[in-house]
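As C-alpha cells, this is what we get:
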C-alpha cells in the first residue's frame, strides 16, 4: 500500500516535467538493495515501470541478455503477472532481434502467454540451435502439433537438456503417436531424460498403454522393460512397488 | 541376488574398517561408502553416471577446467577434498604451493626447497643472502606485472575493493583508499560503471586485463620470497647476537629493519622486519605489500613474544595488493586487528602468513584470514586456541582467479564471519559472510577460484550467516574440512556443503559429536545446476534446518549427505524440503538428484523415515539408512 502511494507520487512527478528515462527507472528497480532506503526506492521504481507498460517491458527486453540477472527476474515476473495483450506485441518484435540469445528469451517468454495464434512466428526458431529448446517448449505449451516432428528429432539427437525439453514438449502436445520416440528415451544415459520421457508416457495415458505393455515385455533393454512397467503402473493407477534385492523400498511421494 | 547380498556384507565390513580409522578425514568417500551411495541410486534404477547429468550451462569466458569437470562428474569432488586434507596433514610449504598450482591450473609449482641459511656465519651474511633472493623475486614479480600499465593496476584493483568496502555509501572510507595509492578518478570510474544496466563490456575488459598477469611468474616470485623468509626465520631462531637498538638498512626494494629483543614498534613500510623477540607492535604499512605505492615485497619475521599487528589504513601487515607479503611469527599469543583489509589477503598478489604457536586472535572488516582475488593467500596457524573474526570475505575466501585458504592445525577455535555487511535485499536482520570456505565467480562472465578452511583438531565453533562453511557460487569450489573434535556449525543460508548456481560446495567432518544448524540451503544441498556434499565420518550428530537442507537438490542439482556412524538426529521443519529430496526444477520441469545416506546407528528423522530402510522421495531423492 505504502509503496503504491509512493509510486503514485513518483508518477505524479512526471506531471509538468519529463518522466525519468526508463533505463534509470529499470536500474533502480533491479539494483541490489543495500539499504532500507534503496529497498523502498526499488519498490517505487517497480511500481512506476508497471505504470509505463509496455515501454518498460520493451526496455527490459533491450537488456534481457545483459549481465544483470535481476532484469531477467523482473521481466519473468511481469510475464507471469501482466496481461498477454500487453506483452505479446513486444515479444513478437524481439523474435527478429539480431542477438540469438535475445530471440531465445522472447520465444521462451511467449510460452507463458496464451497466444497460440503466433505459433507460425515461432516455428522458424526450431531451426536455430540457440532458440530450438525455447521454441519447442513454447510450441508444446500451445499444443501446436506441427512441432512434433522436431520434438522427436530433438529427443533422439539433441543434447541432454534439449532431450528433456523435447520429452516435455511431446507430453504437452499430447499426441500418442509420440509413444515410440518416448519409449526409446527410456533408455537414455541420464535419468533426467528417462524420467521426463516416462512422465510424458504416463500423461499420454491409456492410448499408449498397449505399446508400453509390449515394451515392458519385449524390449531388449532391461532398463526400458523396467521403466515401462513403472509407466504402466502409473497409467493403471496402481501403487508403485520397488524392491532392492530382497528388501522392500518405501516410496514417499510421486514417482515421476 | 546372493552375490549382491555378499557384496553388501563385504561392503559393511569394509565400512567398519573405515570407521575404525576414527579421525582420518581422507578419503572422504571411500569405495566402501561410495558403494552404499550406488546402492541407494540403484533403488531408483540409477547408476553413478546419472549424477553426471548436464550442469555446465553457463558460458563463462574464464573458469577453472577442473571445476567444470566436477560439475559434469560430481564423484570427482570428494577426491579434491582428499587432496586438500592430505596436503594439510603434510603441511609443508612445497606441498601447499603444489596444491595451489594444481588448483589454479598453473603449469607447475616451482621447486620450493627452504632456502638454507645454515652456512651463514652472521647477520650480515644472512641479510646478504636474503637480499640476493629478493633481487630474483623482484625480477620475477616485475615480469609478472609488466603487461599491466600502472594506471590499469589501480583501476582493476579499485573494481575489486571499492564495492567490497561500499565506497558509494561510505564516502569517508575513500581517504584510506587514496593513502593506499588509489586515485579519485579510478574510484569515480568504478562508481560510474556500477550505474550501468549492463556491465558486460567493462566486466570483460576487466577480465581481459587481469588475464594478462603472468601468473606462473607471480607464483615463482611468491614461492621464492616465501622460501627466503622461511630460511631466514630458521636462521634467526638460532641467532643470539641481536642489536640493542633497532637498525635500518636501505635496499633498492625497501628497508631492512632489525629489531631488538625488547618491545619494538614497527610502523613503516619495509622490505623486511626481522625481530628477535619481545612484545612487538606492527602497524599499517609494516608488513603490507602494496605495489601501488612502490612496496611490492614485504616480510616480517618475528621470533617470539606476544605481538600485535594492527592497521587503521586500507591494508594490514600480511596483506598484498599488487605485491607479495610474507609474515612468519614463531611464537606467542598474537593479535591481528585490522580496520579494513586484514592479514593473509591478496589482490593481484600473494600473501603467506605463518603463525607457529600461541592463542591468537584475528579480526578484520573484510578480506582477511586466507582471502584472495586474482592471486592467492594462505594463513597457517599451527597451534593454540584461536579466534578468527571477519565481517565478510575471509577465513578461506576467493573471488575470480583466487585461491584462499585458512589452515589451523589444532586447538579449540572459534570462527565468526558476518557481522558487518547487512543483507537488506533478502533478510534485513542477516549479514553476508562470504567466508569459511567460500568462493565466488563473476556471473555470467567468469568462474571463481578455490577457497578452503581446514581445521585438523579441537572442538571448534563455526558461526556464519549467509554464504559460509563449504559453499560456492558460479563455477567455483568451496571446502570446509574439520578433523577431530566436537564441532558446532551454525549459519542461516547457503552453506555447510552447498553449491549455488553451477558451483561446488563441500563440508567434511571426521570425528566428534557435531551439531549442524542452518535454515535454508544447508547440510549437503545444491541449487541450480550445482553440486553440494556433506560428509560426517563419526559421532552422534545433530542436523537442524528449516528447508532445502540435508541432502536436498533444488532445480537440477546434485546433493549428497553421508553420515557414516553414530546415532544421529535429523530435524527439518519443512518435510517436503528436507532429507533426501529433489524437486521439479521450476519452469525447467525436470528433476534433481539427492541422497541422504546414513550408514549406522539408531537415527531419528523428523520426516519419519525408518532405520535400516530405503525410502524413495520425489524428484528424485533417497533416504538410505543402514
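Protein chains in written order, with our numbering: chain D, 220 to 475; chain L, 613 to 1238.
Even for Gly, the Cβ is constructed at its ideal location relative to N, Cα and C.
CB-CB length for residue 708 of chain L against residue 990 of chain L, believed under 8 Å: For the purposes of this step, residue 708 of chain L is taken as the residue at position 96 of the second chain. For the purposes of this step, residue 990 of chain L is taken as the residue at position 378 of the second chain. With a Cβ gap of about 6 Å, residue 708 of chain L and residue 990 of chain L count as contacting.
Counting only beta-carbon separations shorter than 9 Å, does residue 280 of chain D have a partner in chain L? Looking up residue 280 of chain D in the first chain gives position 61. Chain L contact via Cβ: absent.
Indicate whether at least one CB of chain L lies closer than 9 Å to the CB of residue 454 of chain D. For the purposes of this step, residue 454 of chain D is taken as residue 235 along the first chain, with counting starting at 1. False, the Cβ-Cβ gap to chain L never drops below 9 Å.
Are residue 1070 of chain L and residue 1092 of chain L close, meaning C-beta to C-beta below 9 Å? As a working note, residue 1070 of chain L is residue 458 in the second chain. As a working note, residue 1092 of chain L is residue 480 in the second chain. Result no, Cβ atoms of residue 1070 of chain L and residue 1092 of chain L do not sit closer than 9 Å.
Closest by CA to residue 459 of chain D, which one among L/1141, L/1235, L/1230, L/908? Here residue 459 of chain D is taken as the residue at index 240 of the first chain, counted from 1. The shortest Cα separation from residue 459 of chain D among L/1141, L/1235, L/1230, L/908 belongs to L/1230.
Span separating the alpha-carbon of residue 1087 of chain L from that of residue 1057 of chain L: Translated into the one-based positions of the second chain, residue 1087 of chain L becomes position 475. Translated into the one-based positions of the second chain, residue 1057 of chain L becomes position 445. Cα-Cα distance, rounded: 10 Å.
Can you list, in chain order, the residues of its chain whose CB lies under 6 Å from that of residue 423 of chain D, leaving out five sequence neighbours each side? Here residue 423 of chain D corresponds to residue number 204 of the first chain, with the count starting at 1. Shown here for residue 423 of chain D: same chain residues with a beta carbon closer than 6 Å to its own, the five before and five after excluded, namely 395 in chain order.
What's the C-alpha gap between residue 250 of chain D and residue 256 of chain D? Within the first chain, residue 250 of chain D is the residue found at index 31, counting from 1. Within the first chain, residue 256 of chain D is the residue found at index 37, counting from 1. Cα-Cα distance, rounded: 12 Å.
Return the residues of the segment 324-341 of chain D that lie within a Cβ-Cβ distance of less than 7 Å from chain L, sorted by chain order. Nothing from the segment 324-341 of chain D brings a Cβ to less than 7 Å from some Cβ of chain L.
Since residue 428 of chain D is in the alpha helix (DSSP H), which residue starts that stretch and which ends it? As a working mapping, residue 428 of chain D is identified with position 209 in the first chain. Here the alpha helix (DSSP H) through residue 428 of chain D covers 428-437.
Apart from the five residues just before and just after residue 755 of chain L, which ones in its own chain have a Cβ nearer than 7 Å to its Cβ? On the second chain, residue 755 of chain L is found 143 positions in, with the first residue counted as 1. Leaving aside the five residues that flank residue 755 of chain L on each side, the residues in its chain whose CB is nearer than 7 Å to its CB run, in chain order, 826, 829.
For residue 908 of chain L, which three-state DSSP category applies? By one-based count along the second chain, residue 908 of chain L stands at place 296. Collapsing the DSSP output to three states places residue 908 of chain L in coil.
Per-residue contacts from residue 445 of chain D into chain L (C-beta, under 8 Å): Here residue 445 of chain D refers to the residue found at position 226 of the first chain. Residues of chain L passing the Cβ test: 657.
For residue 1059 of chain L, decide whether its Cβ has a neighbour in chain D, counting only Cβ atoms nearer than 9 Å. The count along the second chain starts at 1 and reaches residue 1059 of chain L at position 447. No - not a single Cβ of chain D is within 9 Å of the one on residue 1059 of chain L.
Going by DSSP in three states, residue 289 of chain D sits in which element: helix, strand or coil? Within the first chain, the letter at position 70 stands for residue 289 of chain D. Look at residue 289 of chain D here: in three-state DSSP terms it is helix.
With a cut-off of 9 Å, does the C-beta of residue 805 of chain L fall near any C-beta of chain D? Your numbering for residue 805 of chain L matches position 193 in the second chain. By this cut-off, residue 805 of chain L is not an interface position.
Residue 1128 of chain L: which of L/728, L/1139, L/1094 sits nearest, CA to CA? Residue numbering aside, residue 1128 of chain L sits at position 516 when the second chain is read from its first letter. Distances from the CA of residue 1128 of chain L to each of L/728, L/1139, L/1094 were compared; the closest alpha carbon is that of L/1094.
Tell me the rounded alpha-carbon separation between residue 1023 of chain L and residue 902 of chain L. Position 411 of the second chain, counted from the start, is the residue given in the question as residue 1023 of chain L. Position 290 of the second chain, counted from the start, is the residue given in the question as residue 902 of chain L. Straight-line Cα distance between these residues: approximately 33 Å.
Taking 9 Å as the CB-CB cut-off, is residue 440 of chain D touching chain L? In the first chain, the residue the question calls residue 440 of chain D occupies position 221. Answer no: the Cβ-Cβ gap between residue 440 of chain D and chain L never drops below 9 Å.
In the DSSP assignment, find the alpha helix (DSSP H) that holds residue 359 of chain D and state where it starts and stops. Taking the first chain and counting its residues from 1, the one referred to as residue 359 of chain D is at position 140. Here the alpha helix (DSSP H) through residue 359 of chain D covers 348-360.
In terms of residues, what are the limits of the alpha helix (DSSP H) holding residue 708 of chain L? As a first step, residue 708 of chain L must be located in the second chain, where it is residue number 96. For residue 708 of chain L, the uninterrupted alpha helix (DSSP H) run begins and ends at 705-715, by DSSP.
Best match in L/983, L/965, L/732 for proximity to residue 835 of chain L [C-alpha to C-alpha]: Numbered from 1 along the second chain, position 223 holds the residue referred to as residue 835 of chain L. The option with the nearest alpha carbon to residue 835 of chain L is L/965.
Local conformation of residue 1015 of chain L per DSSP, three classes: Locating residue 1015 of chain L in the second chain gives position 403, counting from the first residue. Residue 1015 of chain L: strand per DSSP, three-state reduction.
Residue of L/885, L/986, L/713 minimising C-alpha distance to residue 940 of chain L: For this step, residue 940 of chain L is matched to residue 328 along the second chain. When each option's Cα is compared against that of residue 940 of chain L, the closest is L/885.
Does residue 633 of chain L come within less than 9 Å of chain D when only Cβ atoms are used? Numbered from 1 along the second chain, position 21 holds the residue referred to as residue 633 of chain L. Only weak support exists for where residue 633 of chain L lies, its pLDDT of 40 falling under 50; the value from the coordinates is given anyway. Taking 9 Å as the threshold, the shortest C-beta distance from residue 633 of chain L to chain D does not fall below it.
I need the straight-line Cα distance from residue 1011 of chain L to residue 960 of chain L, nearest angstrom please. Reading the second chain from its first residue, position 399 is the one you call residue 1011 of chain L. Reading the second chain from its first residue, position 348 is the one you call residue 960 of chain L. Taking the straight line joining both Cα atoms gives about 11 Å.
Under a Cβ-count criterion, where at least 16 other Cβ atoms within 10 Å of its own Cβ denotes burial, should residue 362 of chain D be classed as buried or exposed? Reading the first chain from its first residue, position 143 is the one you call residue 362 of chain D. Exposed is the call here.
Could you check whether the segment 635-648 of chain L touches the segment 441-454 of chain D, counting it as contact only if at least three pairs of C-beta atoms, one from each stretch, sit closer than 8 Å? No: the two stretches stay apart, fewer than three of their Cβ pairs being nearer than 8 Å.
Contact the segment 1028-1048 of chain L vs the segment 991-1005 of chain L: 3+ CB pairs below 8 Å: The segment 1028-1048 of chain L and the segment 991-1005 of chain L touch, with no fewer than 3 CB-CB distances between them shorter than 8 Å.
Use the C-beta contact count for residue 658 of chain L: other C-beta atoms within 10 angstroms, 16 or more gives buried, fewer gives exposed. For this step, residue 658 of chain L is matched to residue 46 along the second chain. Buried is the call here.
Name the DSSP beta bridge partners of residue 1001 of chain L, please? For the purposes of this step, residue 1001 of chain L is taken as residue 389 along the second chain, with counting starting at 1. Answer by DSSP bridge pairing, in chain order: L/975, L/1028.
Buried or exposed: which applies to residue 979 of chain L, given that a residue is buried once 16 or more other Cβ atoms fall within 10 Å of its Cβ? The count along the second chain starts at 1 and reaches residue 979 of chain L at position 367. By the neighbour-count criterion, in which a residue is buried when 16 or more other Cβ atoms sit within 10 angstroms of its Cβ, residue 979 of chain L is buried.
Under 9 Å between C-beta atoms of residue 1102 of chain L and residue 1130 of chain L: Indexing the second chain from 1 puts residue 1102 of chain L at position 490. Indexing the second chain from 1 puts residue 1130 of chain L at position 518. Contact: yes.
Do three or more CB pairs link the segment 888-896 of chain L to the segment 859-869 of chain L at distances below 8 Å? Under the three-pair Cβ rule at 8 Å, the segment 888-896 of chain L does not count as touching the segment 859-869 of chain L.
Residues in the segment 243-255 of chain D with C-beta within 7 Å of chain L's C-beta atoms, listed in sequence order? Listed by position, the residues of the segment 243-255 of chain D near chain L (Cβ gap below 7 Å) are 245, 246, 251, 252, 253, 254, 255.
Of the residues L/847, L/795, L/1036, which one's Cα is nearest the Cα of residue 942 of chain L? On the second chain, residue 942 of chain L is found 330 positions in, with the first residue counted as 1. Nearest option by C-alpha distance: L/847.
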